[in-house]
Amino acid sequence: MSTLTQYWIDEAIRLDLALGAVRTDSGSARLAQASAQAQHRIASDAVRLASDTVALARKALAGIPTPADGDPLLLAMSQALIAWHEALHTQASTDLALQTAKAEVERLQALQAALELALAEARSAQQLESKAALQRATAIAALEAGGRWATLAADAAQALSASEAGARARVEGEFPTHATASKNFLARVRARRALVLDSASQAQDVANASATASTAALTQAQRQFDQAWQAVRALVDTAPRLADDRDTLVRLAALPAAHPAAPASYPILTPAQHDELFDASLKSAREAALVKLTAADEAEKDWRLAQATYDKALNVALKANPGKTVDDLNGAEVKTEFDALVAKTEARATKRAELTADPAAYAILQAWFAAVPELLWDTLDQLDNAIARLLVFKGAPTPAQRLQDLAARETDLVNALSAARLAARTQRIAEQAALRALGHWQAEQATAARRAKAASRDTAPL
88 MSTLTQYWID
98 EAIRLDLALG
108 AVRTDSGSAR
118 LAQASAQAQH
128 RIASDAVRLA
138 SDTVALARKA
148 LAGIPTPADG
158 DPLLLAMSQA
168 LIAWHEALHT
178 QASTDLALQT
188 AKAEVERLQA
198 LQAALELALA
208 EARSAQQLES
218 KAALQRATAI
228 AALEAGGRWA
238 TLAADAAQAL
248 SASEAGARAR
258 VEGEFPTHAT
268 ASKNFLARVR
278 ARRALVLDSA
288 SQAQDVANAS
298 ATASTAALTQ
308 AQRQFDQAWQ
318 AVRALVDTAP
328 RLADDRDTLV
338 RLAALPAAHP
348 AAPASYPILT
358 PAQHDELFDA
368 SLKSAREAAL
378 VKLTAADEAE
388 KDWRLAQATY
398 DKALNVALKA
408 NPGKTVDDLN
418 GAEVKTEFDA
428 LVAKTEARAT
438 KRAELTADPA
448 AYAILQAWFA
458 AVPELLWDTL
468 DQLDNAIARL
478 LVFKGAPTPA
488 QRLQDLAARE
498 TDLVNALSAA
508 RLAARTQRIA
518 EQAALRALGH
528 WQAEQATAAR
538 RAKAASRDTA
548 PL
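Residue numbers are given in the numbering used here: position 205 of the sequence shown equals residue 292, and the series is strictly consecutive.
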């Protein structure tokens, strides 16, 4: 399996080698620049000398007594001009070489600085990843064979098998229930809790979908890896609660059974509390109001689902249509989802209004919930939380599956990192080629006029 630690080790080695090569090239380029500077100075000195020679020849030619005496001087003048033009040509050529060498030195110096920074970042990432990998390895070892929590799933399953049914019987028996779901008090209590938790889950789904649609593959891979690691870490962090949760179920299962006959007694409630919660004279009115609460909750659930569906569609449409407003999209690309959301919004408002339309009936419902003592609410929370954690420990996904997913996501992240950095490296190479060409062009442009003038007055090879 490809690991992040090994990736950053390899990446640091690669960058170190690349930096070494660039440093060598940079040194060679500086030597080439120094040589070009020396050649340019020599050429400039030659131009001055040739210019002085031309001036002397011109002065000598101006002082001849008769035309016949000028032939040798004319020849000297011609040779001086030839030498001067050749010197100018050479000077212009060495100027081009010097400008090109300077540009190459500047390019390589910038590249060297960039690689030094990249190497420092890679080494820092390697150090951070080494620490993170050690944390992951510790957690993984705790869940693998021979680890502290190697039998976590089996232990959780055993705890549930031994005490869940008994604990449920003692606690759930204290709450009013009904065969019809809409009239089931305990079912409504749990459904309302689940509705809130599901809403958070839906928001996460929308965020994940939006991130998948709008972010690069590397960002997505990093996000998925982080989530996989969080799932493993959360399991290890909460694993010590196994014993407490097991003891909670054992304790609740050991509560005395309900004894309705006189003298009445119950596992948690006092007889008076039980009588108030199960008041037969209010049963029909309470259940009728509960039906309305159920309808309002179901409308809320439908609205939240419609909102999540609309949000996902809108995020996709916004990306695909950057020139359109939300109102534009609501009338076209996401009209179906928007219309469904509007309908669910109206239905939710209707059911909420129906719930409280009869203040007296709603007050009866409120009083029913208030009749549950805090001790019973807390005990129900203890039961549900213990069972929920034990079910997580038991799986699915099982601890082994979480570890497999973490390993797979790490491989995906390594692949995404490799692809992204290869693309960046390819882009940098292309940019370096462009900079090299740009430097040569600028050198050509800066010296073109002088070289053209010199070339037009001389016969030396271009």
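Note that beta-carbon positions come from the ideal geometry of N, C-alpha and C, so glycine has one too.
Being a predicted model, the structure only gives us computed values, none of them experimental.
Straight through space, the alpha carbons of Asp182 and Gln120 are spaced by roughly 11 Å. The residues Ala133, Val134, Ala137, in chain order, have a CB closer than 6 Å to that of Ala174 in the same chain once the five nearest residues on each side in sequence are set aside. Inside the segment 382-460, DSSP marks whole alpha helix (DSSP H) runs of 4 or more residues at positions 413-417, 422-443, 446-457, from first to last along the chain. In the structure shown, the three-state DSSP call for His265 is coil. Collapsing the DSSP output to three states places Ser352 in a strand. The Cβ atoms of Ala448 and Ala376 sit closer than 8 Å to each other. When the five nearest sequence neighbours on each side are left out, the beta carbons in the same chain lying within less than 6 Å of the beta carbon of Ala393 are those of Ala427, Leu428, Lys431, in order along the chain.
If you draw a straight line from the Cα of Pro409 to the Cα of Leu490, it comes to about 40 Å. For Lys388, the closest alpha carbon among the candidates Arg223, Glu208, Lys438 is that of Lys438. With contact defined as three or more Cβ pairs closer than 8 Å, the segment 157-171 and the segment 520-532 are not in contact. When the alpha-carbon of Ala304 is set against those of Ala503, Ala321, Asp97, Trp95, the nearest one is in Ala503.
The residues Ala123, in chain order, have a CB closer than 6 Å to that of Ala184 in the same chain once the five nearest residues on each side in sequence are set aside.
Taking C-alpha positions only, Val283 is separated from Ala290 by approximately 11 Å. Looking at the backbone, the Cα of Gln93 and that of Arg101 are separated by about 12 Å. Around the CB of Gln317, fewer than 16 other CB atoms lie within 10 Å, so the residue is classed as exposed. Using a Cβ distance threshold of 8 Å, Pro354 and Glu261 count as a contacting pair. Only exposed fits Val413, as fewer than 16 other CB atoms lie within 10 angstroms of its CB.
The segment 104-120 and the segment 515-526 do not touch, with fewer than 3 CB-CB distances between them shorter than 8 Å.
If you look at Asp139, you'll find it in the alpha helix (DSSP H) that goes 91-149. The Cβ neighbour count for Asp292, taken over all protein chains shown within 10 Å, is under 16; the residue is labelled exposed. Note that the segment 317-336 does not touch the segment 455-466; fewer than 3 beta-carbon pairs, one per stretch, sit closer than 8 Å.
Under DSSP, His346 forms a beta bridge with Ser352.
Less than 8 Å separates the beta-carbon of Leu329 from that of Asp242. Around the beta-carbon of Ala197, fewer than 16 other beta-carbon atoms lie within 10 Å, marking it exposed.
By alpha-carbon distance to Arg279, the top candidate from Arg128, Ala382, Arg210, Gln532 is Ala382.
The beta-carbon distance between Ala340 and Gly253, rounded to whole angstroms, is 3 Å. This is short enough to meet the 8 Å contact definition. In the DSSP annotation of this structure, the continuous segment of the alpha helix (DSSP H) that includes Asp182 starts and ends at 158-230.
Only residues of its own chain outside the window of five on either side were considered, and among them Leu106 have a CB closer than 7 Å to the CB of Glu203, listed in chain order. Of the candidates Gly114, Thr140, Thr264, Thr140 places its Cα closest to the Cα of Leu162. Annotated as distal: Arg544 and His127, with beta-carbon spacing of 8 Å or more.
Per the coordinates, the alpha-carbon of Leu477 lies some 17 Å from the alpha-carbon of Ala229. Counting along the chain, the unbroken alpha helix (DSSP H) around Asn502 starts and ends at 486-543. With fewer than 16 other beta carbons inside 10 angstroms of its own, Asp362 counts as exposed. Residue burial annotation: Asp332 is buried, with at least 16 other C-beta atoms found within 10 angstroms of its C-beta. For Phe312, the enclosing alpha helix (DSSP H) stretches over residues 304-325.
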